[in-house]
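Asker: Protein chains in written order, with my numbering: chain A, 6 to 115; chain B, 172 to 1050. Each residue gets a CB set at the ideal place from its N, CA and C atoms; glycine is no exception. Following this message is one structure expressed as structure tokens.
Below is the structure:
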């Protein structure tokens, strides 16, 4: 078991999975991240991250129905596990805590 | 893009992915890549899409996607091997007939292949024992007279060798040899013939592998009158006494000193010798007559051999470039005869080109190709049998495959199971094949003198290794198609469809194989028939004179009159004549002659005879008269010529020709025509008759021709032999009946006939066995059908017709292919250049077809007859 720390990109992927609800599979995750963050995301990277998240136990996956696209191959859909959710919450809490400590004017955009 | 559907990712990349990727990751990864591919196809076009796909496939090679080394998976076949072996043995034992057919066919053809393998491996071992063999070359001469076809010689001129030694750089060592050394060696009062070569000093520099046991390799051949003997020759001459330093009297009372003892050249050396004489002796003897410089001339290319060893960093191209300059220079001096010199690598001498004046053994590469080709055909035939029968039998094995697959066997495993079985069968065949190999080996060696001198076919361990590799190879090839076929079967279909005959409907390959097999067999039979007929034809051919009961005795250097008078005393000898050579057995002597026109010359082949020769051999004199006995010293005055010679020079009718003068020597000597004989075949009958003359030159005789009238041949021969021994106790009596000698001259045909006939017999037997197997199978599988037909009223005749028809069609197709092909092959290739040849007719061509049809009908007919005769009640009751 790898450490439970969540990397920046891992967090992003995990959040995306949660956001896509039932429609999260590798390609859609890629697209979604690209849409939101406006940065180029390589499929290989997402794949590797999904694999890592799976190992850490934050996501679970199942194969969907076969369709005509994708050369007849089934999609692997991902959902966030309980552990995943807990971690996401924990990360958010830590961030919020830090946010609350910052005086309001310091971060004001000009 | 409308053409989206036609673009797919590269197949190989997909396979690569499938190969390395773990099963649990594979499917969605593949899907993802496809999705991106489709997307890229629309955005960036097919090229970029494919490129990206390939790149991605490589990019995804990551620790978490790559399969674990599945040791367990790889080990399964080994664990299963025991099971495969067991099932194979059981299935072989269960189908006794089929296994027997396969084993017999494979064993027979493999024995021929084993023979070929040992033959080839021996031939290709020639001269490999020389340490620098790759840097050794022999000078080869291409001789061309005016615009005629050039002929190639293994020999060259001494001049070429000398100029090469002096002028061409980059040569480490070179040796000039001449094959005229040897003769009757006299030691004390003993006379023992020895053979050998003249060789220059550097012989051992070129051939260090010919080991000198005693003596100094640098000086052994340096002095005149030195001789190096092989161990065997030394024992022959001196027994157990020390040979080094002894003297031998050779030739014209010359005294030679033994300066070295050499190991006997190995069997796989392309030339051998008993002794080596120092070449300087030969040269000194020639220099005694300074006027005659022909021996050192550029055109004296007949009996000298030059071998060179190149420097390590010299290429043969450099050497031949320098040599070409010398050749051009020398050829410029003679406007009629040109000699071109090329370098023949030592390792391609034997087997190699078919050259004239070979120094020792020779084996034409083309003959090897031919033999290997024929052997291959035989093997193919047996392999086809296995493939055919196995596919036919696979009906029975289909269920087994189905069950195995259901239990979890992979395709690869089924494949290896059936490969195991095929290899097992071929290994069993190997055992029989080795026995057969020992049976046919001596037969093969005795076929032809050339084969016998070239090969001994000793069986060595490495040869057996070759045999086993070969066997495994044959097994795999024969088993490949059945294994592929069976491993392809789908478990569901096989198990659901009990009869499963439908699975085999599409197997047309079987028919193709049968057709190929029978085409080859037919071609073989027809070829064998033609070869046999041509052989018999050549033997029975009317040569133009009589050869019955003529015994030719070689004089071997003895005085002709002494021998003749010794034989005259024997009452069974009716007549005796003398001649220089024996015509009509292949070899010819020729010289250039001229008639009235000094610019018009032609080759006249000739024999030198005495006055008894023409009546003894019953040559027909059309005009003029025979020679008269004349004393020996007198100048050559008369000649008896053939009709062709008259035609060649347009001399007119035979009667007119008598008394006309012909110039027969370079120095202008003329002889007058005394008689004209009817044309006869002085060479072999496949060559055209050209100008021929009988000359009368006492002192040139090499043979006695004895007319023998006896019923007790053996008794007469022993009388002759004892008469011979009185005259000459050194050489063995060497005599042969003319007819036998002629047979020997055509041994080429007889060897060809024997080999092809034997192979024809084998291929036919194998093909017949295969056909039998197929017939048994067909009759067996259709037994119920036949019974039902019978119940419904079919006659036995119609049933036989039904079952036979399919096979007969295949045979007809084979004949349609084989007959014209073989006819063409012989008519315009093999026999095209022969003058007197059989015309290939209906008899030769149809013989094969009849044999094949007879065999085919016998095989198929017997089985279908059995099936048709069977009682329907018996066969149908069990259901």
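When you compare each of B:400, B:639, B:888, B:232 to residue 907 of chain B by their alpha carbons, which one comes out closest?
Answerer: When only C-alpha atoms are compared, the closest one is B:888.
Asker: Going along the chain, which residues of its own chain have a beta-carbon closer than 8 angstroms to the beta-carbon of residue 81 of chain A, five neighbours each way excluded?
Answerer: 30, 31, 66, 67, 68, 69, listed in sequence order.
Asker: Do residue 332 of chain B and residue 477 of chain B count as a contact pair if the criterion is CB distance below 7 angstroms?
Answerer: Yes. Within cutoff.
Asker: Give me the chain A residues within the contact set of residue 205 of chain B, using Cβ-Cβ distance strictly less than 7 angstroms, ordered along the chain.
Answerer: What residue 205 of chain B touches in chain A: 75, 76, 78.
Asker: Quick check on the DSSP output: the alpha helix (DSSP H) that includes residue 55 of chain A runs from which residue to which?
Answerer: Element bounds for residue 55 of chain A: 48-61.
Asker: At least one CB of chain A closer than 7 angstroms to the CB of residue 230 of chain B: is that the case?
Answerer: Closer than 7 angstroms: yes.
Asker: Considering only their Cβ atoms, is the gap separating residue 985 of chain B from residue 608 of chain B smaller than 7 angstroms?
Answerer: No, Cβ-Cβ distance for residue 608 of chain B and residue 985 of chain B is not below 7 angstroms.
Asker: Is there contact between the stretch 209-218 of chain B and the stretch 537-552 of chain B, where contact requires at least three CB pairs shorter than 8 angstroms?
Answerer: No, they do not touch.
Asker: With a cut-off of 7 angstroms, does the C-beta of residue 174 of chain B fall near any C-beta of chain A?
Answerer: The pLDDT assigned to residue 174 of chain B is 44, lower than 50, so where the model puts this residue is not dependable; a value taken from the coordinates is nonetheless given after this. Judged by the 7 angstroms Cβ criterion, residue 174 of chain B is not in contact with chain A.
Asker: Does the beta-carbon of residue 104 of chain A have 16 or more other beta-carbons within 10 angstroms, so that it is buried, or is it exposed?
Answerer: When all chains shown are included, residue 104 of chain A counts as exposed.
Asker: When you compare the stretch 601-616 of chain B with the stretch 273-280 of chain B, are there three or more beta-carbon pairs, one atom per stretch, that lie closer than 8 angstroms?
Answerer: Touching, per the Cβ criterion.
Asker: Take residue 959 of chain B as the anchor and find which of B:1042, B:378, B:314 has the nearest alpha-carbon.
Answerer: Of the listed residues, the one whose Cα sits closest to residue 959 of chain B is B:1042.
Asker: I'd like the list of long-range same chain contacts for residue 181 of chain B, defined as Cβ closer than 8 angstroms, with 5 residues on each side in sequence excluded.
Answerer: Excluding sequence neighbours, residue 181 of chain B sits near 221, 224, 225.
Asker: Going along the chain, which residues of its own chain have a beta-carbon closer than 7 angstroms to the beta-carbon of residue 704 of chain B, five neighbours each way excluded?
Answerer: Around residue 704 of chain B: 1009, 1015.
Asker: Just tell me which of B:781, B:865, B:495 has its CA closest to the CA of residue 816 of chain B.
Answerer: For residue 816 of chain B, the nearest C-alpha among the options comes from B:865.
Asker: Closer than 8 angstroms by C-beta to residue 505 of chain B: which residues in its own chain qualify, once you throw out the five before and the five after it? Chain order, please.
Answerer: The answer, listed in chain order, is 469, 470.
Asker: Would you say residue 191 of chain B faces chain A, with C-beta separation under 7 angstroms as the test?
Answerer: No, its Cβ sits nowhere closer than 7 angstroms to a Cβ of chain A.
Asker: Measure the alpha-carbon distance for residue 1032 of chain B versus residue 680 of chain B and round it to whole angstroms.
Answerer: Distance between the alpha carbons of residue 1032 of chain B and residue 680 of chain B is about 23 angstroms.
Asker: Once you ignore the five residues that flank residue 51 of chain A on each side, which residues in its own chain have a CB closer than 7 angstroms to its CB?
Answerer: Cβ within range, chain order: 18, 31, 34, 35.
Asker: Quick one: does residue 12 of chain A have its CB under 7 angstroms from some CB of chain B?
Answerer: By this cut-off, residue 12 of chain A is not an interface position.
Asker: Look at residue 377 of chain B and residue 447 of chain B and say whether their C-beta atoms are less than 7 angstroms apart.
Answerer: Not in contact: residue 377 of chain B and residue 447 of chain B (Cβ atoms no closer than 7 angstroms).
Asker: Looking at C-alpha atoms only, which residue of B:518, B:767, B:750 is the closest neighbour of residue 870 of chain B?
Answerer: Cα-wise, what sits closest to residue 870 of chain B is B:750.
Asker: Assuming residue 556 of chain B contacts residue 785 of chain B (C-beta within less than 8 angstroms), just tell me the rounded distance between them.
Answerer: Actually they are not in contact, since the Cβ atoms of residue 556 of chain B and residue 785 of chain B sit about 60 angstroms apart, beyond 8 angstroms.
Asker: If you count every other CB in all the chains shown that lies within 10 Å of the CB of residue 490 of chain B, and 16 or more means buried, which is it?
Answerer: Classification of residue 490 of chain B: buried, given that the 10 Å Cβ count is 16 or more.
Asker: In chain A, which residues lie with their C-beta within 9 angstroms of the C-beta of residue 233 of chain B?
Answerer: Those within 9 angstroms of residue 233 of chain B in chain A are 49, 52, 53, 56.
Asker: Tell me the rounded alpha-carbon separation between residue 576 of chain B and residue 972 of chain B.
Answerer: Going from the Cα of residue 576 of chain B to the Cα of residue 972 of chain B covers about 40 angstroms.
Asker: I believe residue 444 of chain B touches residue 367 of chain B by the beta-carbon criterion, under 8 angstroms. Please report the beta-carbon distance rounded to the nearest angstrom.
Answerer: That belief holds up - the Cβ atoms of residue 444 of chain B and residue 367 of chain B are roughly 5 angstroms apart, short of 8 angstroms.
Asker: With a threshold of 7 angstroms between beta carbons, is residue 267 of chain B in contact with chain A?
Answerer: No, residue 267 of chain B does not count as interfacial toward chain A.
Asker: What residues are listed by DSSP as bridge partners for residue 192 of chain B?
Answerer: The partner list for residue 192 of chain B (beta bridge, DSSP) reads B:237.
Asker: Inspect the CB distances between the stretch 736-745 of chain B and the stretch 887-901 of chain B and report whether three or more fall short of 8 angstroms.
Answerer: Taking 8 angstroms as the limit for Cβ pairs, the verdict is that the stretch 887-901 of chain B does touch the stretch 736-745 of chain B.
Asker: Suppose you measure from the CA of residue 712 of chain B to the CA of residue 912 of chain B; what does that come to, to the nearest Å?
Answerer: In a straight line, the C-alpha of residue 712 of chain B is about 14 angstroms away from that of residue 912 of chain B.
Asker: Any C-beta of chain A sitting closer than 7 angstroms to the C-beta of residue 213 of chain B?
Answerer: No, because no Cβ of chain A sits closer than 7 angstroms to the Cβ of residue 213 of chain B.
Asker: Would you kindly report the start and end of the unbroken beta strand (DSSP E) that includes residue 745 of chain B?
Answerer: Start and end: 744-750.
Asker: Are the beta-carbon atoms of residue 745 of chain B and residue 831 of chain B separated by less than 7 angstroms?
Answerer: No, they are not a contact pair.
Asker: Who are the neighbours of residue 32 of chain A on chain B, taking C-beta pairs under 9 angstroms?
Answerer: Going along chain B in sequence order, the residues near residue 32 of chain A (Cβ under 9 angstroms) are 202, 203, 206, 207, 210.
Asker: Three-state secondary structure (DSSP) at residue 169 of chain B?
Answerer: Outside the shown range of chain B, which is 172 to 1050, sits residue 169 of chain B, and nothing can be said about it.
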